[in-house]
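> Numbering (my numbering), first residue to last: 6 to 444.
Every residue, glycine too, gets a C-beta built ideally from N, C-alpha and C.
Next up is a structure, given as structure tokens.
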């Protein structure tokens, strides 16, 4: 066995210096990949370098707001527009900027699109002050961020046409309400509370729509059309909701009758106003009378009769008043119509020309008195003659000008006064003569 040569101290020192130099060089070369660790064996360094690729790759995750900015969501709005006459060249940078603000700002609840006759395409965050022919709306769920994936979940959109309330009524009655009232799987407490709110909202919406058109419309709940009377009377909540509808109908009918009585009692009106009053009353009562005969109203009335509701009797009494009032209005309008043209001609005359027309007018009033089933009472015919007197007095007052008198037109004013006095005297004589002949 040969002995190992240890080497001299100088050689050992040289070897140590060479080792340190090699280590320094290796450290400089390996810095970008792995820092050099002097205490570990050299053979372990490659192992550490090989373990790094096996680790999961590092991904750069952007904040949600930054990630969403990279996706252009404006086509989600543009592709859902249904405006007649919309063209590509109508779009401007301002429109696109307004759309971006709505999509990125969670505090903006609404965006509307419409085409103005003068300004062209309008994109605004609020409803326009004036009613437009067509309008597409986008409504955001409160404080919800909009993405391409959740657009249908957080944005409610649609297109309405003028008038808006009619479009809303059609949408609710044809799409939403039939689906809602078929939801039988809801808990009873939630369903009853929700349906009660639906009744209240639809009643108010129907009232608003009808008043804008000067009409009275009875709201018939869709629920009553899809349920049998036998099933309905066993459900207390359904009976209560139907009673709510009948209570509102009763209130509506009372308002119509009260308003008509107030118009009828006005003393300053003339015969033409009397004719117009009965024309309006005939229209209103005829419409309500037809509605009271509708299947939905009769169905609710029968359900509440079976349930022995206390609201049925008052409603039936008012319904009878409406039926009788409608027949009366039609009859009165038919007989009073013979006075329309003569009194329209009378309104164009001067007081001096009125006396020669009075006998014919009184004879027409007598025809109404003798033949009308509702104007043959003393009260009715007296009221009609009073309205004729009001009309003649109004015409005489209109012909007398105090300004001309104070300006010095003495003679012409005196002639006008004499004509008015003669007119009123002739009216009095004609009336007394007709009364004497009738008695």
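Please go through the stretch 84-164 and give each complete beta strand (DSSP E) segment of 3 or more residues, from N-terminal end onward.
Entirely contained in the stretch 84-164, the beta strand (DSSP E) runs reaching 3 residues are, in chain order, 115-121, 125-129 and 139-145.
> Using DSSP with H/G/I as helix, E/B as strand and the rest coil, what is residue 436?
Counted from its first residue, the chain shown places residue 436 at position 431. Three-state DSSP puts residue 436 in a helix.
> In angstroms with no decimal places, state the Cα-to-Cα distance between residue 111 and residue 162.
By 1-based counting over the chain shown, the position of residue 111 is 106. By 1-based counting over the chain shown, the position of residue 162 is 157. Whole-angstrom Cα-Cα distance: 16 Å.
> Name the two residues that bound the continuous alpha helix (DSSP H) containing residue 291.
Here residue 291 refers to the residue found at position 286 of the chain shown. Where residue 291 is concerned, the enclosing alpha helix (DSSP H) stretches over 276-297.
> On the three-state DSSP scale, how would you describe residue 256?
Reading the chain shown from its first residue, position 251 is the one you call residue 256. In this structure, residue 256 counts as helix in the three-state DSSP scheme.
> For residue 164 and residue 99, I'd like the C-alpha separation in whole angstroms.
Position 159 of the chain shown holds residue 164. Position 94 of the chain shown holds residue 99. Each residue's alpha carbon lies about 22 Å from the other.
> With H, G and I counted as helix, E and B as strand and the rest as coil, what does DSSP make of residue 371?
By one-based count along the chain shown, residue 371 stands at place 366. It is helical.
> Can you list, in chain order, the residues of its chain whose CB lies under 6 Å from that of residue 166, leaving out five sequence neighbours each side?
In the chain shown, the residue the question calls residue 166 occupies position 161. Answer for residue 166: 139 and 172, listed in chain order.
> Identify which residue in 370, 229 and 275 has its Cα closest to the Cα of residue 186.
Start at 1 with the first residue of the chain shown, and residue 186 comes out as number 181. The option with the nearest alpha carbon to residue 186 is 229.
> Helix, strand or coil for residue 426, going by three-state DSSP, please let me know.
Counting from 1 along the chain shown, the entry for residue 426 is found at position 421. Helix, per DSSP.
> Is the separation between the beta-carbon of residue 145 and that of residue 104 shorter than 9 Å?
Stepping through the chain shown from its first residue, residue 145 is reached at position 140. Stepping through the chain shown from its first residue, residue 104 is reached at position 99. Their beta carbons are not under 9 Å apart, which means residue 145 does not touch residue 104 by this criterion.
> Output the boundary residues of the alpha helix (DSSP H) element that contains residue 361.
Translated into the one-based positions of the chain shown, residue 361 becomes position 356. Segment: none, residue 361 is in no alpha helix (DSSP H) and carries neither H nor E.
> Here's a check: name, in chain order, each residue in its chain whose Cβ is nearer than 8 Å to the Cβ of residue 431, leaving out the five neighbours to either side.
Start at 1 with the first residue of the chain shown, and residue 431 comes out as number 426. The residues are 359, 360 and 363.
> Using DSSP with H/G/I as helix, E/B as strand and the rest coil, what is residue 220?
Taking the first residue of the chain shown as 1, we reach residue 220 at position 215. Coil at residue 220, not helix or strand.
> So what does DSSP say about residue 263, is it helix, strand or coil?
Numbered from its first residue, the chain shown carries residue 263 at position 258. Three-state result, residue 263: helix.
> Give me the DSSP bridge partner(s) of residue 339.
Locating residue 339 in the chain shown gives position 334, where the first residue counts as 1. Its beta-bridge partners do not exist; DSSP assigns none.
> Does the Cβ-Cβ distance between residue 206 and residue 255 come in under 9 Å?
The count along the chain shown starts at 1 and reaches residue 206 at position 201. The count along the chain shown starts at 1 and reaches residue 255 at position 250. Not closer than 9 Å, so no.
> Looking at residue 293: is its Cβ nearer than 9 Å to the Cβ of residue 223?
Position 288 of the chain shown, counting from 1, holds the residue named residue 293. Position 218 of the chain shown, counting from 1, holds the residue named residue 223. Yes, the pair counts as a contact, with Cβ atoms nearer than the cut-off.
> When you compare only the Cα positions, how much space is there between residue 250 and residue 310?
Position 245 of the chain shown, counting from 1, holds the residue named residue 250. Position 305 of the chain shown, counting from 1, holds the residue named residue 310. Their Cα atoms are separated by approximately 14 Å.
> How long is the line joining the alpha carbons of residue 86 and residue 403, rounded to whole angstroms?
The residue labelled residue 86 in the question sits at position 81 within the chain shown. The residue labelled residue 403 in the question sits at position 398 within the chain shown. Taking the straight line joining both Cα atoms gives about 58 Å.
> Since I believe residue 246 is in contact with residue 200 (beta carbons under 8 Å), could you give me their beta-carbon distance rounded to a whole number of angstroms?
Taking the chain shown and counting its residues from 1, one reaches residue 200 at position 195. Taking the chain shown and counting its residues from 1, one reaches residue 246 at position 241. Sure, about 6 Å apart at Cβ, within 8 Å.
> In or out: residue 3 buried (at least 16 other Cβ within 10 Å) or exposed?
Here the chain comprises residues numbered 6 to 444, so residue 3 is not present and cannot be evaluated.
> What does residue 166 pair with, by DSSP beta-bridge criteria?
For this step, residue 166 is matched to residue 161 along the chain shown. Answer is 139.
> Please classify residue 250: does DSSP put it in a helix, a strand, or coil?
By 1-based counting over the chain shown, the position of residue 250 is 245. DSSP places residue 250 in helix when its eight states are reduced to three.
> Take every Cβ of the stretch 76-96, pair it with every Cβ of the stretch 147-162, and state whether three or more of those distances are shorter than 8 Å.
Because the criterion of three Cβ pairs below 8 Å is met, the stretch 76-96 and the stretch 147-162 touch.
> Under 8 Å: do the stretch 405-423 and the stretch 333-345 share three or more Cβ pairs, one atom per stretch?
No, because fewer than three Cβ pairs between the stretch 405-423 and the stretch 333-345 fall closer than 8 Å, the two stretches do not touch.
> Could you tell me which of 373, 113, 101 and 257 sits nearest to residue 215, measuring between CA atoms?
Taking the first residue of the chain shown as position 1, residue 215 is located at position 210. The shortest C-alpha separation from residue 215 is found at 257.
> Evaluate residue 149 with the Cβ neighbour count: other Cβ atoms within 10 Å of its Cβ, from every protein chain shown; 16 or more gives buried, anything less gives exposed.
Residue 149 sits at position 144 when you count from the first residue of the chain shown. Residue 149 should be labelled exposed.
> Where does residue 389 sit, in a helix, a strand or coil, going by DSSP?
Taking the first residue of the chain shown as 1, we reach residue 389 at position 384. If DSSP states are grouped into helix, strand and coil, residue 389 belongs with the helices.
> Residue 301 lies in the alpha helix (DSSP H); which residues open and close that run?
In the chain shown, residue 301 corresponds to position 296, counting from 1. Element bounds for residue 301: 300-311.
> Where do the ends of the alpha helix (DSSP H) carrying residue 228 lie?
Here residue 228 corresponds to residue number 223 of the chain shown, with the count starting at 1. Looking at the DSSP string, residue 228 is not in any alpha helix (DSSP H), and its letter there is neither H nor E.
> Need the endpoints of the alpha helix (DSSP H) that residue 234 sits in, please.
Stepping through the chain shown from its first residue, residue 234 is reached at position 229. Per DSSP, residue 234 belongs to the alpha helix (DSSP H) from 234-237.
> Taking the alpha carbon of residue 96 as the point to measure from, which residue in 126, 109 and 107 has its own alpha carbon closest?
The residue you call residue 96 lines up with position 91 of the chain shown. Nearest of 126, 109 and 107 to residue 96, Cα basis: 126.
> Please tell me whether residue 340 and residue 377 are closer than 9 Å, where the distance is taken between their beta carbons.
Numbered from 1 along the chain shown, position 335 holds the residue referred to as residue 340. Numbered from 1 along the chain shown, position 372 holds the residue referred to as residue 377. Against a cut-off of 9 Å, the Cβ pair of residue 377 and residue 340 comes out as a contact.
> Taking just the CA atoms, how far does residue 423 sit from residue 220?
Here residue 220 refers to the residue found at position 215 when the chain shown is read from its first residue. Here residue 423 refers to the residue found at position 418 when the chain shown is read from its first residue. One C-alpha to the other measures close to 47 Å.
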